[in-house]
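Worksheet: the structure to be examined is printed underneath.
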Amino acid sequence: MSIERRHFLRTGGLVGAAALVAPTDLVGAQQPTLQPPSRPVAPPVMTMAAEGTEPAEVEALTTDSSGSDFMVDVIKSLGFEYICANPGSSFRGLHESVINYGGNQKPELLTCCHEESAVAMGHGYFKVEGKPLAVMAHGTVGLQHAAMAIYNAWCDRVPVYIILGNYGDAAIRRGADWYHAAQDVAAMVRDYTKWDDAPRSLTHFAESAVRAYKVAMTPPMAPVVLVLDGGLQEDGIEGRGKLSVPRLTMPVPPQGDSAAISELARLLVAAENPVLVADRLARTPAGMPLLVELAETLQAAVIDKGGRMNFPSRHPLNQSERANAVIASADIIVGLEVTDFWGTVNALRDQLHRSTRSLTKAGAKLVTITTGDLYIRSNYQDFRRQAEVDLAIAADGEATLPALIDAVRRLVTGDRQRVFEERGAKLADANRAAFDRARLAASYAWEASPVSTARLCAELWAQIKQDDWSLVSSYYSDGGGWPRRLWDFNKPYHWLGDAGGGGIGYGAPASVGAALANRRHGRLSVAIQTDGDLMYAPGVLWTAAHHRIPLLSIMNNNRSYHMEIMHVQRMCNRRNRGIDRGEIGSLLVDPNIDYAKVAQGLGVHAEGPITNPKDLGPAIARALAVVKRGEPALVDVVTQVR
Amino acid sequence: MKMRQLRLVVIGLVGAALSAGSSPAQTRTAPPPDTSAAAPAGHADNGKTVYRKTGCYQCHSEQAQGGTQGPRLGPNPVAFRTFARYLRAPTGEMPPYSVKVMSDQDVADVYAFLRALPPAPPLSSLPLLQR
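Just so you know, the sequences run in chain order H and S. Offset between the first sequence (1-based) and my numbering: plus 11. Offset between the second sequence (1-based) and my numbering: plus 79.
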């Protein structure tokens, strides 16, 4: 392959290039050996004279089949529905093959205005569909734009399949190719991707493309990177010869050791107050029913930390609203794919002198089941503090639940069953009381302007609850805020978790990506869109409009980066310097941003800003009508800070 | 890009100390705490200004109804002594408010503002919040 390419370049490509620039002495002086003296030199082709001149003698200027055509065959074999990209010349070969050779179907190319949006769309898409999106980007500037979104996906253990263009061979680079090329393209994201490769041949590509998919989708899942050389994409291939598409066989996720599962079952059945804590547990639609089955078998309290949709919000055993109370009374706490288990059973006080304290009672047994024990990297510290536990099962939580449920069932006696039922009744009472407290809390500032966040969520819930809805935004990253307190979350796609890495700018594109996945299922996608987040890359609204992705975005517009204000105020208080200037640097006012106009300018139906809560319901109804026609819509609501 | 998830979770102790109560019975039917009569005279209007200026609203929201980072403070605040003591030396996550940052008179004014807040409408009158 490389021999063919060099032959082509020597005899065709570079002759053509030389012909284009022949009148420029400088180029000729730099590359004297590229112009055979006996060969006629054509004038610049973009002149009238050029059209009447005999073209330079070349062996080939066109080809019917290229390396990137084969790449598309491999990509199609992996089942990608979409490929997101902000266009870039380093992957122009693959771009053309996707839209022409591949027919722009499976994958269909989606036009993005920022690489960060493309990756975050893939992040949100996966959380609904359970399979990755492909993303194309420049290996340098595109990857630099994409880096934060890749980091979020890494921290959230979500696979995104990233394809980067690069002209590795310096001898064929045009001007822009130089600053769009790198020796080791994936180096800058290697600390927060699971695997990368830069294939040297098409056979190498095929194997690495399949391997990348397999690696990305094996728990713990994470982004992967393939670097595609520009020449490898663009060079012609004659016939397929020995090229073949490797078969993909997905590994079975690792289940916990059987002896460890038996021991855990014994501890759970014997416990008086067992607590199940789930975070990134439910990686497929089977995850939530399995956790429900385990919890109901034991009548155990469940805390859903919200990394995924793990447990129905109104299930009587859901004790998430009183997490610290159930942790304090627990005699065994089982962390199921919990990102921060230490932080679940301990508290760290953020005062001048940071202090910690245990939240558990003496003697409480601590158990973890997580793939986090199977794979860890050094540089970025998303692995959190080391928790002291009594039993650590290094395995996939969801894959381990069936065996754990069976083991528990085998141990339950009639006596224990009666204990379980009494416990379950008390937990159900506590769940009801927590819900009543939430409803009461939402009633305060009901008529306030700016609109309270509780009122916003109640108004929205009233209009979507009869639909097959999906809350695609992360809302507040810490557990879900008012929707999780007031709404009835009971389907796997009702809640998708958060950004993972806390990189703001995730919400808007991830919502569009999730809405893209929901579109195929006819679901109503709803986002509570924070203002600071949207301002990172609002162009994703155009992508939603252009590709007819129905999404209802309700702005939670508090006109600030409010979390940061609270941090600065903490410093102001601590240093006794007064708080009156604490907002400097974190407000989004003067001028206020008109999100309705921003969205309208990007082709999205929008209205607002709404400050009177009485205007909110009708505005949501109008926007919903647009979304149900298959288009995105946005309502800008000026809200209280939290 | 920064990590922005530094959690400001207000632990139960803060809620217990500052929230006026968490059950419907407490908030709907209980009379104002007797101990609030011991509060020094305060000016609710200035208290509203101080509440805003000194950033109380950032965690407790603009009508002190509470939020994800801080409990509800009013109406019917806790006893003034408890309120003032916690403000100066919080045992939970709340940052401390020294005299330099909030004078004793300002504390009294904020307390007056919290006492003067209107009650929430009856829950039964809000169809959107029914079970």
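Positions of the beta carbon are idealized from the N, C-alpha and C atoms, including for glycine.
Counting along the chain, the unbroken beta strand (DSSP E) around N567 (chain H) starts and ends at 563 to 568. The C-beta of E172 (chain S) has 16 or more other C-beta atoms within 10 Å across all chains shown, which makes the residue buried. Annotated three-state conformation of I590 (chain H) is coil, per DSSP. Ranked by Cα distance from L239 (chain H), the options H:S79, H:P170, H:R201 are led by H:S79. Legend: CB atoms of the region 402 to 428 of chain H lying less than 8 angstroms from CB atoms of chain S are not found in any residue. Comparing alpha-carbon positions, the option among H:I515, H:P629, H:P231 lying closest to L467 (chain H) turns out to be H:P629.
Here DSSP, grouped into helix, strand and coil, assigns S522 (chain H) to helix. If you check the CB distance, T411 (chain H) and G267 (chain H) come in under 9 angstroms.
For S463 (chain H), there is no enclosing beta strand (DSSP E), as DSSP marks it with neither H nor E. Counting only runs that start and end inside the region 363 to 427 of chain H, the alpha helix (DSSP H) elements of at least 4 residues fall at 408 to 422. H156 (chain H) and C124 (chain H) have their C-alpha atoms some 11 angstroms from each other. Neighbours of Q580 (chain H) in chain S, taken as residues at a C-beta separation under 7 angstroms, are given in chain order as G134, Q137, P174.
Within 9 angstroms of the CB of Q651 (chain H), the CB atoms of chain S belong to Y136, S140, E141, Q142, Q144, G146, in sequence order along the chain. Here the C-alpha atom of E119 (chain H) lies approximately 21 angstroms from the C-alpha atom of S536 (chain H). L302 (chain H) sits close to N321 (chain H), with the two beta carbons spaced by under 9 angstroms. Non-local C-beta neighbours of P231 (chain H) in its own chain, meaning closer than 6 angstroms and more than five positions away in sequence, comprise R168, T382, Y386, ordered along the chain. Taking the CA atoms as reference points, V423 (chain H) sits about 10 angstroms from R429 (chain H).
Between the region 346 to 361 of chain H and the region 464 to 480 of chain H, the count of C-beta pairs closer than 8 angstroms stays below three; the two stretches do not touch. In the DSSP assignment, T74 (chain H) falls outside any alpha helix (DSSP H) and carries neither an H nor an E. At a C-beta separation below 8 angstroms, W457 (chain H) has these neighbours in chain S: A199, P200, L205. Counting only residues of its own chain and dropping the five nearest sequence neighbours on each side, H616 (chain H) has a CB closer than 6 angstroms to the CB of V637, A644. Between the region 253 to 261 of chain H and the region 220 to 231 of chain H, the count of Cβ pairs shorter than 8 angstroms is three or higher; the stretches touch. From the beta-carbon of R151 (chain S), the residues of chain H found nearer than 7 angstroms are A452, Y455.
Apart from the 5 residues on each side of it in sequence, K608 (chain H) sits with its Cβ closer than 8 angstroms to the Cβ of A617 in its chain, given in chain order.
Per the Cβ contact rule, the region 555 to 571 of chain H is in contact with the region 594 to 605 of chain H (3 or more Cβ pairs under 8 angstroms). Not a single CB atom of chain H sits nearer than 9 angstroms to the CB of K127 (chain S).
The Cβ of V180 (chain S) sits closer than 9 angstroms to at least one Cβ of chain H. Taking 8 angstroms as the upper bound for CB-CB distance, A199 (chain S) and W472 (chain H) are not in contact here, some 18 angstroms apart. In this structure, the straight-line span from the alpha carbon of R319 (chain H) to that of A449 (chain H) is close to 22 angstroms.
Q184 (chain S) has a beta carbon lying at 9 angstroms or more from every beta carbon in chain H. Fewer than three beta-carbon pairs drawn from the region 127 to 140 of chain H and the region 109 to 117 of chain H are found closer than 8 angstroms, and the two stretches are therefore not classed as touching. A direct Cα-to-Cα measurement between R420 (chain H) and P285 (chain H) gives close to 15 angstroms.
The beta carbon of R210 (chain S) sits closer than 9 angstroms to some beta carbon of chain H.
Going by C-alpha positions, R434 (chain H) is about 8 angstroms away from A311 (chain H). In the structure shown, the three-state DSSP call for Y93 (chain H) is strand. For the region 263 to 293 of chain H, the continuous alpha helix (DSSP H) assignments of 4+ residues that do not extend past its boundaries occur at 269 to 281, in sequence order.
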